[in-house]
Amino acid sequence: MSDLLTATDVSFAFEKRRILEKVSLGLSAGEFVGLIGANGTGKTTLLRVLLGLLPLKTGEVLLNGDSIVNLSRREIALRATLVQQDTKIDFDFTAREIVAMGRTPYLGRFKPEKPVDLEAVARAMRETETESFAKRLVTELSGGERQRVHLARAIAQETSVILLDEPTSNLDLTHQFEALQLVKNITRTGKAALAAIHDLSLAARFCDRLLLLSNETIVAEGNPFEVITERNLLNYFGLRARIKIDDETGGLIIFPLGAN
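Everything in the sequence shown is counted per the numbering used here, starting at 1 for the first residue and increasing by one.
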């Protein structure tokens, strides 16, 4: 099966400072991949580079087999979307209006929403439980509510690839689980998702595969049991820890012992 998104030897620098160096990865249909790493390792930058929001220094990114440098912004938006961390909005848009922006790539300029667009927006708001505040201004919503609205916007966009930057930020425990379970369910329909996730336990619980970003590149890749190891926690997070397997769920449990 060919990858929906492929990055090969991707490098990025800002003001002569190398941030990413020869990063290669692929996302296949039906796959939920977690991007983990210590703060400041370039996770957000990588997501933006993959979507063409930041320029490549070297390397290539393909969306459905086509190089992003040859695609228009609209063509990229029909194939991939990015849910950023609690995007600040200073204008008086309602929650529904934000979600409806996900349909922009499908609409002509100043064209009204068609029935298919109305249904896509309604379905996205149902799935993210944002219907109850559809008419409220996003400036009046809590950080968690805004995060769910942005996730709904991405769902309404109906792309084959979804990139997410800390999708559980500002969410309470219940909505953290619901948000990641929703992303996992979406990938089961044949889409691919790549999410930068700060909480390693959540990443291990929901992701099919993990990428560990450190020292400007991918230093470990595999299933959660292969990537979240005591050695990797020590070497790349500076954390001494013990890792156990939960007898009931089979998931990873991380017991921090202290900083290195």
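All residues carry an ideal CB built from backbone N, CA and C; glycine is no exception.
What residues match up with residue i in a beta bridge as DSSP calls it?
| i | result |
| --- | --- |
| G144 | DSSP output for G144 lists no bridge partner at all. |
| V33 | L194, R209 |
| E60 | T8 |
| V161 | A80, A192 |
| L20 | F12 |
| S201 | Partner(s): none; S201 has no beta bridge. |
Which of the three DSSP states, helix, strand or coil, is assigned to residue i?
| i | result |
| --- | --- |
| L173 | helix |
| L151 | helix |
| E15 | coil |
| T8 | strand |
Kindly give me the distance between the Cβ atoms of residue i and residue j, rounded to whole angstroms, as I take these residues to be in contact under 8 Å.
| i | j | result |
| --- | --- | --- |
| L53 | L27 | Actually they do not touch by this definition, with Cβ atoms about 17 Å apart. |
| V121 | F93 | With a Cβ gap of about 13 Å, V121 and F93 do not count as contacting. |
| T45 | I19 | 5 Å |
| R240 | N215 | That pair is no contact at about 20 Å. |
| A195 | A152 | The pair is not a contact, with the Cβ atoms about 16 Å apart (cut-off 8 Å). |
| H175 | G144 | 6 Å |
| A204 | G251 | 6 Å |
| V219 | L210 | Contact doesn't hold; Cβ gap of about 11 Å is too wide. |
| P105 | R74 | 5 Å |
| V149 | A95 | 5 Å |
| V161 | R231 | Actually they do not touch by this definition, with Cβ atoms about 32 Å apart. |
Terminal residues of the continuous beta strand (DSSP E) containing residue i?
| i | result |
| --- | --- |
| A259 | 252-259 |
Could you pull the start and end residues of the alpha helix (DSSP H) that residue i belongs to?
| i | result |
| --- | --- |
| A29 | Neither: A29 is in no alpha helix (DSSP H) and is coded neither H nor E. |
| V69 | Where V69 is concerned, there is no enclosing alpha helix (DSSP H), given that its DSSP letter is neither H nor E. |
| L50 | 43-50 |
#### Entry: Segments assigned beta strand (DSSP E), at least 3 residues, entirely inside the stretch 72-140
80-83
### 3 or more residues per run - each beta strand (DSSP E) lying fully within the stretch 218-248
239-245
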